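Take a look at the structure below.
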Amino acid sequence: MQDVGRMAGVSQVTVSRALSDPSKVSKATLDRIQAAIYATGFVPNAAAGALASRRSHLISALVPSITNIVYSSFIRAFSERIRADGYQILLSETGFDQQDEETAVKAHLSRQPDAILLTGIHHSRETRRMLLASGIPVVEVWDISDTPIDTCVGFDHAAAARTVAKFAIKNGYRTAATITAGDSRARQRQVSFAQHFQTAGGFPVMDIDIGGPASIAAGRTALTQILKATDVENSAAFVFCSSDLLAHGALIEAAKRGIVVPDALAIMGFGDQDFAASLEPPLTSLRVDRDLLGHSAAEALIARINGHPVKDVTRINFEIALRNTVLC
């Protein structure tokens, strides 16, 4: 700032004033300062500015995976909305381990974000303590809870899976299997689907837990295990996958074995990712409006930052995107 001041012919105090509140200096002075900033390549110290203004204009976002389009797409919508209000996103990948999330939360809070987004509602006790002590707005996404840390935006995973179970039974399926990734929300959907499918008149549901993140390879392997253990080809079985990636893998494996989908085997995914409608056959999937989720989460945090009232829970609708991998 000393260099900028010397070049513009003003004091360092005037430069500081122009950066923090341009209305406090004349237009001519501001023009000279801006020209000097451009000439020197000076970037103001945002951390120092945050200490003075108590605003960093950063919003932290913690997601399990930045490569999974289910998360990256709603983060894109979230980021678009917060940028419109002059904020930038500080993003970290946490995986599905609460301790890893706790470490990330501690690192992010040290950078004094104005608000924070978390994926899910299950956190370590220390994470909750740190966030409550910070006093900043917090939004938890993808799940819903009657007791959020601050506010949450998401949908009922158990209810969504129940909808799929009712759909399968209504369309005549009495045999079913599930392919489940290794995260708590996928497990919640599997349990709900299996319970309601059997209660509604189906046989017990076989589950293949892949024990890790979803992938096409895992979907192929899981369907192979299902085919070895059961006679699903001859019983019009319904396979519910916890992600479209797993369903894609199952479709590939079925095609390799000459199994006609959906005539001999129905396959349904979750997330309705961009590629789902372009598969062969096009994939039926449980759709959640990820753009709406991202925008709603951003709206909630911006409202809270500005001191406006926000609902404790915002529910996002889900629906079945019906395509050719299920007989109806």
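The numbering used here puts the first residue of the sequence shown at 480, with every later residue one more than the last. Glycine included, C-beta positions come from ideal geometry on N, C-alpha and C. Because the structure is a prediction, the values reported are computed rather than measured.
Thinking residue i and residue j are a contact (beta carbons under 8 Å), I'd like their distance in whole angstroms, please.
i	j	result
Pro692	Ala743	With a Cβ gap of about 29 Å, Pro692 and Ala743 do not count as contacting.
Val718	Phe672	The pair is not a contact, with the Cβ atoms about 11 Å apart (cut-off 8 Å).
Thr763	Arg802	5 Å
Arg769	Glu798	Not a contact, Cβ separation roughly 13 Å.
His636	Arg608	Actually they are not in contact, since the Cβ atoms of His636 and Arg608 sit about 26 Å apart, beyond 8 Å.
Val584	Thr606	5 Å
Which residue wins for smallest C-alpha separation from residue i, given the options the options?
i	options	result
Pro760	Pro592, Ile731, Ile516 and Ser535	Ile731
Ser571	Ala639, Ser544, Asp625 and Ile746	Ser544
Glu581	Asn547, Ala563, Val542 and Phe557	Val542
Thr804	Tyr566, Cys720 and Leu771	Cys720
Ile689	Phe682, Ser589 and Ala697	Ala697
Leu588	Ala612, Val739, Pro741 and Asp482	Ala612
Ala782	Ser722, His601, Val584 and Ile561	Ile561
Thr654	Ala563, Leu772 and Asp686	Asp686
Asp662	Ile600, Thr678, Ser495 and Gln704	Ile600
Give me the Cα-Cα distance between residue i and residue j, rounded to the nearest whole angstrom.
i	j	result
Lys790	Trp621	16 Å
Met747	Thr519	58 Å
Ile617	Ile595	The sequence given here has Val at residue 617, not Ile. Answer to the nearest angstrom: the Cα atoms are 5 Å apart.
Pro788	Pro627	15 Å
Gly773	Tyr550	9 Å
Gln639	Phe682	Correcting the residue type first, residue 639 is Ala in the shown sequence and not Gln. Their backbone Cα atoms lie some 20 Å apart in a straight line.
Gly488	Ala507	12 Å
Asp482	Ala779	41 Å
Arg794	Leu610	23 Å
Leu758	His727	8 Å
Under a three-way DSSP split, which group does residue i fall into?
i	result
Gly691	coil
Val494	helix
Phe676	helix
Thr730	Here residue 730 turns out to be Leu, not Thr, going by the sequence shown. Of the three classes helix, strand and coil, the one that applies to Leu730 here is helix, per DSSP.
Ser502	helix
Ser663	helix
Ala529	Unreliable placement is indicated for Ala529, whose pLDDT of 49 sits below 50; no coordinate value is reported for it.
Ile595	strand
Asp622	coil
Leu702	helix
Segments assigned beta strand (DSSP E), at least 3 residues, entirely inside the stretch 538-591
567-572
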